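Down below is the structure, laid out as structure tokens.
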Amino acid sequence: MSAKNRTFAADLAGAIEAPADPPARPSRLGMGVLAGRSTRLAELATGSLVNRATELVDPARCRMWHGHNRDYAGLSEERCRDLIDSLKAQGKQEVPALVRRIRDDPDFDFEVISGARRHWSVSWLRSHNYPDFRFLVEIRELTDEEAFRLSDIENRAREDISDFERARDYLRALDAYYGGKQQDMAERINVSTSWLSRYLDLARLPAEVTGAFASPHDLGIKHVTQIKPLLKPEDRRDRVLAEGHRIAEARKRGDDVARAPADVVRMLAAAAEAPKKTGSPKRTGKADATVRTAGGAEVLRLDGRGRTGVTLTLLPKAGATRADAERALGEILDRFWPTS
1 MSAKNRTFAA
11 DLAGAIEAPA
21 DPPARPSRLG
31 MGVLAGRSTR
41 LAELATGSLV
51 NRATELVDPA
61 RCRMWHGHNR
71 DYAGLSEERC
81 RDLIDSLKAQ
91 GKQEVPALVR
101 RIRDDPDFDF
111 EVISGARRHW
121 SVSWLRSHNY
131 PDFRFLVEIR
141 ELTDEEAFRL
151 SDIENRARED
161 ISDFERARDY
171 LRALDAYYGG
181 KQQDMAERIN
191 VSTSWLSRYL
201 DLARLPAEVT
211 GAFASPHDLG
221 IKHVTQIKPL
231 LKPEDRRDRV
241 LAEGHRIAEA
251 RKRGDDVARA
261 PADVVRMLAA
271 AAEAPKKTGS
281 PKRTGKADAT
291 VRTAGGAEVL
301 RLDGRGRTGV
311 TLTLLPKAGA
321 TRADAERALG
331 EILDRFWPTS
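Quick note on UniProt numbering: the sequence shown kicks off at 1 and runs consecutively.
In structure tokens:
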């Protein structure tokens with residue numbers, strides 16, 4: 001054995017055995033290639049260094065994992081603007097995406113487990129005057145359940161992933177990996193069952209409810225705690241679903257503007273109550289006379305009637321349409337300002 005190889009073997013054995021007395025500072029001669037290799041092998045042997053394979057690849061050779069929790073189709077330049085600007089400023093991608101190698105698809109080499117925004121942003125830059133950008137990936141060997149947990153851990157603290165995306169991913173994983181057993185899933189991902197229940201409730205909201213919002217990504221955990229009680233008993237549920245459908249259809253026709261999530265929740269809550277008789281408010285100066293649509297949405301309120309006039313409050317954010325308001329105003333005019 002050569003002198004260099006004897007030195008390498010001795011250094012490796014000494015590092016693994018971890019002597020009580022620290023070794024003397026190596027001489028300059030001992031810091032050669034073999035000494036560097038021995039140090040790295042010792043770190044790997046003791047677990048202080050984890051060797052991860054990273055590569056710079058063409059993002060076009062990467063596909064999204066079917067269980068990815070990001071709504072990739074919902075990504076846009078606007079949603080990724082902060083990341084795009086950061087990549088341009090740095091001139092490269094600093095944090096690798098997590099991928100696993102695939103061998104059953106001739107069009108792709110890797111499957112993205114976590115890092116959809118990074119993939120989308122690098123792809124966007126390559127098609128917008130930055131063709132030299134490459135996608136930095138860290139390659140792992142993972143089962144589907146391990147991939148789910150790893151992706152969840154990385155994304156749980158991120159603010160750029162919506163509650164709705166996370167909720168939908170949890171509901172899918174519940175049956176796919178944990179046999180529908182919520183307790184087992186909560187223990188596996190290290191959360192409380194009540195915390196997990198709120199996300200599952202969000203994912204289970206009917207399409208008529210989620211469709212009432214300008215984007216399902218506007219829905220948060222705080223909203224599901226307000227909406228869930230509106231869906232029981234059956235008659236309340238039916239009114240809420242009908243109102244959600246009406247809101248969505250009005251927005252599609254352009255009859256209604258996109259409303260803030262809190263406004264939509266209020267409209268659904270108003271519709272949940274049993275509808276009151278539609279008609280002109282009674283003649284009173286008290287602020288308790290409200291005109292509603294047949295579905296229960298408030299249109300306007302009669303605040304008072306004096307000797308010189310009538311005081312009204314229009315309620316444009318309570319769920320009624322402009323046509324509803326025009327009909328209600330017509331009733332008020334007929335009541336208090338009849339034609340001659």
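Note that the Cβ used here is the ideal one computed from N, Cα and C, for glycine as well. All figures in this text were calculated on a predicted structure; none of them were measured in a lab.
* **Expected contact under 8 Å - CB spacing of V137 and V57 to nearest Å** => Residue numbering aside, residue 137 sits at position 137 when the sequence shown is read from its first letter. Residue numbering aside, residue 57 sits at position 57 when the sequence shown is read from its first letter. That pair is a contact at about 6 Å.
* To do: Would you please state the rounded distance, in angstroms, between the beta carbons of N69 and D201? I believe it to be under 8 Å.
  => Locating residue 69 in the sequence shown gives position 69, where the first residue counts as 1. Locating residue 201 in the sequence shown gives position 201, where the first residue counts as 1. With 8 Å as the limit, N69 and D201 do not qualify as a contact, their Cβ atoms being about 17 Å apart.
* If I'm right that I139 touches R168 with Cβ under 8 Å, what's the distance once you round it to whole angstroms? => Here residue 139 corresponds to residue number 139 of the sequence shown, with the count starting at 1. Here residue 168 corresponds to residue number 168 of the sequence shown, with the count starting at 1. Their Cβ separation, rounded to whole angstroms, is 27 Å, which puts I139 and R168 out of contact at 8 Å.
* Would you kindly work out how many angstroms separate the C-alpha atoms of A287 and L314, rounded to a whole number? => By one-based count along the sequence shown, residue 287 stands at place 287. By one-based count along the sequence shown, residue 314 stands at place 314. A caution first: A287 carries a pLDDT of 42, below 50, which makes its placement in the model too unreliable to give a value.
* **Residues sharing a beta bridge with C62, DSSP** => The sequence position of residue 62 within the sequence shown is 62, counting from 1. Paired residue(s): F110.
* To do: Taking all protein chains shown into account, decide if P96 is buried (16 or more other Cβ within 10 angstroms of its Cβ) or exposed.
  => The residue labelled residue 96 in the question sits at position 96 within the sequence shown. Under this definition P96 is a buried residue.
* Asked: Are the beta-carbon atoms belonging to L170 and E145 less than 7 Å from one another?
  -> Reading the sequence shown from its first residue, position 170 is the one you call residue 170. Reading the sequence shown from its first residue, position 145 is the one you call residue 145. Checking the displayed sequence, the identity of residue 170 turns out to be Tyr instead of Leu. No, the Cβ-Cβ distance between Y170 and E145 is not below 7 Å.
* **Completely contained beta strand (DSSP E) runs for the UniProt domain "ParB-like N-terminal" (55–156), where each covers 3 or more residues** => 62–64, 97–101, 110–114, 135–139
* Can you pull the DSSP bridge partners for G220? -> As a working note, residue 220 is residue 220 in the sequence shown. DSSP lists no partner for G220.
* Roughly how many angstroms lie between the CA atoms of A186 and R156, to the nearest whole one? -> Start at 1 with the first residue of the sequence shown, and residue 186 comes out as number 186. Start at 1 with the first residue of the sequence shown, and residue 156 comes out as number 156. Cα-Cα distance, rounded: 14 Å.
* **Cβ pair V299, A325 closer than 7 Å** => Position 299 of the sequence shown holds residue 299. Position 325 of the sequence shown holds residue 325. In this structure, A325 lies closer than 7 Å to V299 by Cβ.
* To do: For the alpha helix (DSSP H) holding V209, just list the boundary residues, first then last.
  => Residue mapping note: residue 209 aligns to position 209 of the sequence shown, counting from 1. V209 -> alpha helix (DSSP H) spans 207–210.
* Which ranges would you report for the alpha helix (DSSP H) in the stretch 251–275 if only whole runs of at least 4 residues count? -> 261–272
* Asked: Below 7 Å between beta carbons: does that hold for E154 and D71?
  -> Start at 1 with the first residue of the sequence shown, and residue 154 comes out as number 154. Start at 1 with the first residue of the sequence shown, and residue 71 comes out as number 71. No.
* To do: Give the secondary structure of T293 by DSSP, where H, G and I count as helix, E and B as strand, and everything else as coil.
  => What you label residue 293 is simply residue 293 of the sequence shown in a count that begins at 1. Looking at T293 - three-state DSSP - the assignment turns out to be coil, as it is neither helix nor strand.
* To do: Name the two residues that bound the continuous beta strand (DSSP E) containing L230.
  => Stepping through the sequence shown from its first residue, residue 230 is reached at position 230. No beta strand (DSSP E) contains L230, which DSSP labels as neither H nor E.
* Asked: Alpha carbon to alpha carbon, what distance is there between K181 and A207?
  -> Here the question's residue 207 lines up with position 207 in the sequence shown. Here the question's residue 181 lines up with position 181 in the sequence shown. Near 24 Å, if we compare the C-alpha coordinates of K181 and A207.
* To do: Run the CB neighbour count on D109, radius 10 Å, all protein chains shown included, and call it buried at 16 or more, exposed below.
  => Along the sequence shown, read from residue 1 onward, the residue named residue 109 stands at position 109. That one is buried.
* From L83, D334, I332, M64, residue whose alpha carbon lies closest to that of residue 363 -> The chain is shown only over 1 to 340; residue 363 falls outside these bounds and no answer can be derived.
* Asked: What's the gap between the Cα of K92 and the Cα of S123?
  -> Here the question's residue 92 lines up with position 92 in the sequence shown. Here the question's residue 123 lines up with position 123 in the sequence shown. About 13 Å.
* Where does the unbroken beta strand (DSSP E) through T311 begin, and where does it stop? -> Taking the sequence shown and counting its residues from 1, the one referred to as residue 311 is at position 311. Here the beta strand (DSSP E) through T311 covers 310–314.
* Select from G67, G74, W195 the residue whose C-alpha is nearest the C-alpha of F148. => Working through the sequence shown from its first residue, we reach residue 148 at position 148. Out of G67, G74, W195, G67 has the C-alpha closest to the C-alpha of F148.
* Answer with buried or exposed for W120, where buried requires no fewer than 16 other C-beta atoms within 10 angstroms of its C-beta. => Indexing the sequence shown from 1 puts residue 120 at position 120. Burial call: buried.
* Asked: Since D303 is in the beta strand (DSSP E), which residue starts that stretch and which ends it?
  -> Position 303 of the sequence shown holds residue 303. That run of the beta strand (DSSP E) goes 298–305.
* Asked: Out of S197, Y199, R81, P59, which has the shortest C-alpha to C-alpha gap to P131?
  -> What you label residue 131 is simply residue 131 of the sequence shown in a count that begins at 1. Looking at the Cα atoms, P59 is the closest of the given residues.
* Asked: What is the rounded straight-line gap between the Cα of I161 and the Cα of L329?
  -> Taking the sequence shown and counting its residues from 1, one reaches residue 161 at position 161. Taking the sequence shown and counting its residues from 1, one reaches residue 329 at position 329. Whole-angstrom Cα-Cα distance: 44 Å.
* To do: May I ask you to list the residues that DSSP assigns as paired with A53?
  => Against the sequence shown, residue 53 aligns to sequence position 53. In the DSSP output, where bridge partners are listed per residue, A53 has I139.
* Length of the line joining the Cα atoms of A250 and D263 -> Numbered from its first residue, the sequence shown carries residue 250 at position 250. Numbered from its first residue, the sequence shown carries residue 263 at position 263. Going from the Cα of A250 to the Cα of D263 covers about 15 Å.
* Is it buried or exposed for G254, if we count other Cβ within 10 angstroms and need 16 for buried? -> Residue 254 sits at position 254 when you count from the first residue of the sequence shown. G254 comes out exposed.
* Asked: Which word fits R81, buried or exposed, when buried means at least 16 other C-beta atoms lie within 10 angstroms of its C-beta?
  -> For the purposes of this step, residue 81 is identified with residue 81 of the sequence shown, where counting begins at 1. Exposed: under 16 other Cβ atoms inside 10 Å.
* **Backbone CA spacing between D175 and I189 [nearest angstrom]** => For this step, residue 175 is matched to residue 175 along the sequence shown. For this step, residue 189 is matched to residue 189 along the sequence shown. Rounded to whole angstroms, D175 to I189 spans 14 Å at the Cα level.
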